[in-house]
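Undergrad: Each residue of the sequence shown is one higher than the one before, counting from 61 in the working numbering.
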Amino acid sequence: MPSLNTRSLLLPAALLSVLAAATPAPSPYPDPNPDPISPRHPEITPSAVEYHPTRTYRHRRDLGDVFSDVESGVNSVLSDLGNLPSYVASGIAPFFQDYPDSSAVQSSLSLSDSEVAALPTQVLNIDPYANYTSQGWNVRFHGNVYKQPDISNDTLNDLANVFLPDVDIEDLPQSQADQARNLTASIFVLQQGDVNVSTINLEPAPMQGSSGEDGGGGAVTPSGGSQQVTLPYPTTDQGDFDVFVPIDGAGLMNGNETQQIQRLNTHVEGASIGNSTAYLVPNEGITIVSDIDDILRVTKIYEPEKGLLNSFARAFRPWMNMPEIYANWSSSLPDMHFHYLTTTPEQVTRTYMQFIYSTYPGGSFDTRPLNFSNWQETLHVRKFLLEKVLQTFPNRKFILVADTSNSDVMSAYPEMAVKYPDQVQCIWLRNTSATDPGDRFPYDTSGFENLKQEKYMFFTVPNDLTNLDVENGECYNKSIKQNVTFSYQGLPFGLGDDSAAALVKAQTGLMFAVFLGTLVWNLM
Ligand SMILES: *[C@@H]1O[C@H](CO)[C@@H](O)[C@H](O)[C@H]1NC(C)=O
Ligand SMILES: *[C@@H]1O[C@H](CO)[C@@H](O)[C@H](O)[C@H]1NC(C)=O
Ligand SMILES: *[C@@H]1O[C@H](CO)[C@@H](O)[C@H](O)[C@H]1NC(C)=O
Ligand SMILES: *[C@@H]1O[C@H](CO)[C@@H](O)[C@H](O)[C@H]1NC(C)=O
Ligand SMILES: *[C@@H]1O[C@H](CO)[C@@H](O)[C@H](O)[C@H]1NC(C)=O
Ligand SMILES: *[C@@H]1O[C@H](CO)[C@@H](O)[C@H](O)[C@H]1NC(C)=O
Ligand SMILES: *[C@@H]1O[C@H](CO)[C@@H](O)[C@H](O)[C@H]1NC(C)=O
Ligand SMILES: *[C@@H]1O[C@H](CO)[C@@H](O)[C@H](O)[C@H]1NC(C)=O
Ligand SMILES: *[C@@H]1O[C@H](CO)[C@@H](O)[C@H](O)[C@H]1NC(C)=O
Ligand SMILES: *[C@@H]1O[C@H](CO)[C@@H](O)[C@H](O)[C@H]1NC(C)=O
Ligand SMILES: *[C@@H]1O[C@H](CO)[C@@H](O)[C@H](O)[C@H]1NC(C)=O
Numbered sequence: 061m062p063s064l065n066t067r068s069l070l071l072p073a074a075l076l077s078v079l080a081a082a083t084p085a086p087s088p089y090p091d092p093n094p095d096p097i098s099p100r101h102p103e104i105t106p107s108a109v110e111y112h113p114t115r116t117y118r119h120r121r122d123l124g125d126v127f128s129d130v131e132s133g134v135n136s137v138l139s140d141l142g143n144l145p146s147y148v149a150s151g152i153a154p155f156f157q158d159y160p161d162s163s164a165v166q167s168s169l170s171l172s173d174s175e176v177a178a179l180p181t182q183v184l185n186i187d188p189y190a191n192y193t194s195q196g197w198n199v200r201f202h203g204n205v206y207k208q209p210d211i212s213n214d215t216l217n218d219l220a221n222v223f224l225p226d227v228d229i230e231d232l233p234q235s236q237a238d239q240a241r242n243l244t245a246s247i248f249v250l251q252q253g254d255v256n257v258s259t260i261n262l263e264p265a266p267m268q269g270s271s272g273e274d275g276g277g278g279a280v281t282p283s284g285g286s287q288q289v290t291l292p293y294p295t296t297d298q299g300d301f302d303v304f305v306p307i308d309g310a311g312l313m314n315g316n317e318t319q320q321i322q323r324l325n326t327h328v329e330g331a332s333i334g335n336s337t338a339y340l341v342p343n344e345g346i347t348i349v350s351d352i353d354d355i356l357r358v359t360k361i362y363e364p365e366k367g368l369l370n371s372f373a374r375a376f377r378p379w380m381n382m383p384e385i386y387a388n389w390s391s392s393l394p395d396m397h398f399h400y401l402t403t404t405p406e407q408v409t410r411t412y413m414q415f416i417y418s419t420y421p422g423g424s425f426d427t428r429p430l431n432f433s434n435w436q437e438t439l440h441v442r443k444f445l446l447e448k449v450l451q452t453f454p455n456r457k458f459i460l461v462a463d464t465s466n467s468d469v470m471s472a473y474p475e476m477a478v479k480y481p482d483q484v485q486c487i488w489l490r491n492t493s494a495t496d497p498g499d500r501f502p503y504d505t506s507g508f509e510n511l512k513q514e515k516y517m518f519f520t521v522p523n524d525l526t527n528l529d530v531e532n533g534e535c536y537n538k539s540i541k542q543n544v545t546f547s548y549q550g551l552p553f554g555l556g557d558d559s560a561a562a563l564v565k566a567q568t569g570l571m572f573a574v575f576l577g578t579l580v581w582n583l584m
């Protein structure tokens, strides 16, 4: 078994010297309780003078092109204070960026083409939704075709350790070490471009769907719908597919004549784990579009070290009694459609789906397609996916749910409410800093300035969402105090102006970016 070049793995000294050279303040990384913002307090000066370009580039040759891209991005951020830098403003989990592509994986494992050819093909078939047109139902199949190379546990341990800066995987409890290896393996895959997904079998889904989810709203089992479909295009270079496919409506209720969601199991022939449930969503009704991290599960993305452990090693756990709230809607409003839309990368979708389907009502899913890879594209993915679902169901009402720690949410959600006023009925945002002092990430509420209070609510605990007449559009629980300034909020130390916010974010983002660069660097 060829091994990865592990010599360069885990070079905290090199990493830290890059960090130290590129930021005015010492790196928070060696600190066991890193707080990316507070240690910088006395140094916060919105000036590029503190930036030392000559030192920043010291490691350029070692780090390779990817790393220098990160550096030049950071460079432009630091020389452009006052404007909010785009990629660091994303609030997207920084450790979920810049994964290796299949040629990097293949060459780092020294696999020959014939060795790759001998591996079985796997399909990630992400639970789709379908809309109804005058031609009938159209299922949006999306997912990825890949091969999973056989990587030894030792190598997986080394790779997983890159994601876990302060712990060694061997010191974790067995179940956490297993999950960390599982997730790491799902990132180091060989994506299969230009292949045909030729046979997808559809059949009525019995009660809980083949993926075994509990809940699942009041979706019904149709009397027909069994058939085979072929995707019209081969996969993209990165192995992705995402296409609406018309299906035969025999035995299915028309989407203009029912409010009930119908479920079909979908199974990609030849792929042992390529099963999912398709949700046939009628033209009219309510769809809840829900983010996952820090709203449905405890992630603490805003505390990088905890975010890493919570994402890579610890079992996913729900946020407070949020499952009860969703379960109540699922049973009392049985026609509600649940759509889970997270910008977590596609490679880790299975872990998210497993958690959701064992904790929350069944529903369709969107994660970040692989062609949204760099920081700028990643920033736009949420809006892209939101518009796709809004345009697919122009006559449904939408409730958008997330938390304040994602800046792409803070801009995209209110933007959707302005652009699709008849569709977006409600925006609910958990004020993360209200219950979690560890969230020191500032958030921008300016997007809400032109929205009526009845359309949105910043809330603190899941119970704030109880007893609302959701069906009739009630979004705002009047007993929940709102304190929206329509500008940056949550800045530390009473900082108020935008350039201070930009600097805080630039530095935090830099730390994330540099840390992240190691993964790709190690594969070069
Ligand atoms: C629903 O759509 C089908 C197909 O376009 C059409 O034949 C049918 O009349 C429609 N039903 C209603 C109630 O509009
Ligand atoms: C790798 O670890 C898993 C989980 O601990 C174990 O089931 C498996 O047998 C190990 N594989 C090898 C090749 O040791
Ligand atoms: C790891 O993956 C295997 C195979 O997909 C799965 O059976 C197992 O439950 C996973 N373990 C953890 C801890 O995620
Ligand atoms: C995929 O299917 C198309 C149309 O059937 C065919 O022309 C093409 O050769 C197939 N590609 C592969 C890689 O099999
Ligand atoms: C996937 O679906 C097929 C067809 O219904 C079934 O035979 C198979 O057992 C399912 N696989 C899993 C892992 O559920
Ligand atoms: C990714 O691919 C989809 C088509 O599946 C396309 O609509 C989208 O614009 C692409 N995004 C980027 C950033 O290339
Ligand atoms: C169905 O979805 C497609 C793709 O988003 C969209 O172009 C089309 O307008 C939708 N059809 C209806 C009737 O809403
Ligand atoms: C969020 O909670 C914090 C802490 O309680 C509070 O200072 C802030 O004003 C709240 N934000 C909003 C938008 O209500
Ligand atoms: C509003 O929030 C309070 C406190 O969380 C909760 O007890 C109540 O049920 C909520 N709903 C309404 C309509 O007041
Ligand atoms: C459960 O949901 C229904 C429908 O939205 C709502 O009327 C009811 O108040 C909810 N119950 C609780 C405890 O939130
Ligand atoms: C309201 O928000 C402002 C700005 O974020 C903050 O300074 C103030 O402490 C907040 N007030 C309360 C009562 O949370």
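Heads up, the beta-carbon is just placed ideally off N, CA and C, and yes, glycines get one too. The structure displayed is predicted, hence computed values, not measured ones.
Between Ser163 and Tyr400, what straight-line distance do the alpha-carbon atoms span, to the nearest angstrom?
TA: Approximately 31 Å, taken between the alpha carbons.
Undergrad: By DSSP's criteria, Pro190 is part of a beta bridge. Which residues make up the other side?
TA: Note that residue 190 is Ala in the sequence shown here, rather than Pro. Per DSSP, Val199, Leu340.
Undergrad: Determine the direct distance from the alpha carbon of Asp161 to that of Leu179, and round the result to whole angstroms.
TA: Approximately 17 Å, taken between the alpha carbons.
Undergrad: Need the endpoints of the alpha helix (DSSP H) that Lys457 sits in, please.
TA: It is not in any alpha helix (DSSP H) - Lys457 instead sits in the beta strand (DSSP E) that spans 457-463.
Undergrad: Does Asn261 come out as helix, strand or coil in the three-state DSSP assignment?
TA: Three-state result, Asn261: strand.
Undergrad: Rounded to whole angstroms, what's the CA-CA distance from His202 to Pro264? Just pull it up for me.
TA: The straight-line gap from Cα to Cα measures roughly 19 Å.
Undergrad: For Tyr293, count neighbouring Cβ atoms within 10 angstroms of its own Cβ and tell me buried if that reaches 16, exposed if not.
TA: When all chains shown are included, Tyr293 counts as exposed.
Undergrad: Which residue's Cα is closest to the Cα of Ser212: Ala245, Asn325, Gln549, Asp302?
TA: Closest option to Ser212, Cα to Cα, is Ala245.
Undergrad: Take Val484 as the anchor and find which of Tyr473, Trp379, Glu344 has the nearest alpha-carbon.
TA: When only C-alpha atoms are compared, the closest one is Tyr473.
Undergrad: Our contact map puts Gly611 next to Asn185 with C-beta atoms below 8 Å; I'd like the distance itself, whole angstroms only.
TA: The shown model of the chain, from 61 to 584, leaves out residue 611, and the question about it has no answer.
Undergrad: Can we say the stretch 383-397 touches the stretch 425-436, given the rule of at least three CB pairs closer than 8 Å?
TA: Too few Cβ pairs lie closer than 8 Å, so no.
Undergrad: Tell me which residues share the same chain as Pro405 and place their Cβ nearer than 7 Å to its Cβ, disregarding the 5 neighbours each side in the sequence.
TA: Correct list, in chain order: Phe156, Tyr159, Thr427, Arg428.
Undergrad: Since I believe Ala190 is in contact with Tyr339 (beta carbons under 8 Å), could you give me their beta-carbon distance rounded to a whole number of angstroms?
TA: Contact flag correct, Cβ pair sits at about 7 Å.
Undergrad: Do Ile321 and Val349 have their C-beta atoms within less than 8 Å of each other?
TA: Their beta carbons are not under 8 Å apart, which means Ile321 does not touch Val349 by this criterion.
Undergrad: Buried or exposed: where does Ala331 fall if 16 or more other Cβ atoms within 10 Å of its Cβ makes it buried?
TA: The residue is buried, with at least 16 neighbouring Cβ atoms inside 10 Å.
Undergrad: Exposed or buried, Val478, counting other C-beta atoms within 10 Å across all chains shown (16 or more means buried)?
TA: So Val478 ends up on the exposed side.
Undergrad: Would you call Lys538 buried or exposed, if buried means 16 or more other Cβ atoms sit within 10 Å of its Cβ?
TA: Exposed.
Undergrad: Quick one, are the C-beta atoms of Lys457 and Ile346 less than 8 Å apart?
TA: For Lys457 and Ile346, yes; Cβs fall inside 8 Å.
Undergrad: Determine the DSSP secondary structure at Ser392, reduced to helix, strand or coil.
TA: Correct three-state label for Ser392: helix.
Undergrad: Pick helix, strand or coil for Tyr386, following the three-state DSSP scheme.
TA: Looking at Tyr386 - three-state DSSP - the assignment turns out to be helix.
Undergrad: How long is the line joining the alpha carbons of Glu365 and Asp302, rounded to whole angstroms?
TA: Looking at the two C-alpha atoms, the distance is approximately 34 Å.
Undergrad: Taking 7 Å as the line, does the beta carbon of Phe304 fall inside it for any heavy atom of ligand 7?
TA: Under cutoff, so the answer is yes.
Undergrad: With DSSP as the reference, identify every bridge partner of Asn335, one or two as the case may be.
TA: In the DSSP output, where bridge partners are listed per residue, Asn335 has His327.
Undergrad: When we look at the beta-carbon of Ala177 and count the other beta-carbons within 10 Å, is it buried (16 or more) or exposed?
TA: Answer is exposed; the Cβ neighbour count stays below 16.
Undergrad: For Leu430, I'd like the list of residues in its chain whose CB is within less than 6 Å of its CB, leaving aside the five on either flank, ordered along the chain.
TA: Gln298, Asp300, Glu406, listed in sequence order.
Undergrad: Start and end of the alpha helix (DSSP H) containing Arg410?
TA: First-last of the alpha helix (DSSP H) with Arg410: 409-419.
Undergrad: Using the Cβ count rule (16 or more neighbours within 10 Å means buried), how would you classify Ser167?
TA: So Ser167 counts as exposed.
Undergrad: Taking the alpha carbon of Trp449 as the reference point, which residue from Met470, Tyr420, Thr402, Ala494 has its own alpha carbon closest?
TA: One point to set straight first is that residue 449 is Val, not Trp, in the sequence displayed. Answer by Cα proximity: Thr402.
Undergrad: Rounded to whole angstroms, what is the Cα-Cα separation between Asp529 and Cys535?
TA: Going by the C-alpha atoms only, they are around 8 Å apart.
Undergrad: Would you kindly work out how many angstroms separate the C-alpha atoms of Leu224 and Glu514, rounded to a whole number?
TA: When rounded, the distance between both Cα atoms is 43 Å.
Undergrad: Let's test the definition: count the other Cβ atoms within 10 Å of the Cβ of Thr193 and tell me whether it reaches 16, buried, or not, exposed.
TA: With fewer than 16 other Cβ atoms within 10 Å, it is exposed.
Undergrad: Would you tell me roughly how many angstroms separate the C-alpha atoms of Trp389 and Leu525, rounded to the nearest one?
TA: Rounded to the nearest angstrom, the two C-alpha atoms are 11 Å apart.
Undergrad: Alpha carbon to alpha carbon, how far is Asp95 from Phe248?
TA: Unreliable placement is indicated for Asp95, whose pLDDT of 29 sits below 50; no coordinate value is reported for it.
Undergrad: Please report how far the alpha carbon of Phe304 lies from the alpha carbon of Phe415, in whole angstroms.
TA: Straight-line Cα distance between these residues: approximately 26 Å.
Undergrad: Closer than 7 Å: is that where the CB of Asp228 sits relative to any heavy atom of ligand 2?
TA: Asp228: no, Cβ never under 7 Å from ligand 2.
Undergrad: For Gly315, collect the residues of the same chain with a Cβ closer than 6 Å to its Cβ; drop the 5 residues on either side in sequence, then sort them by chain order.
TA: The answer, listed in chain order, is Tyr192, Pro342, Asn343.
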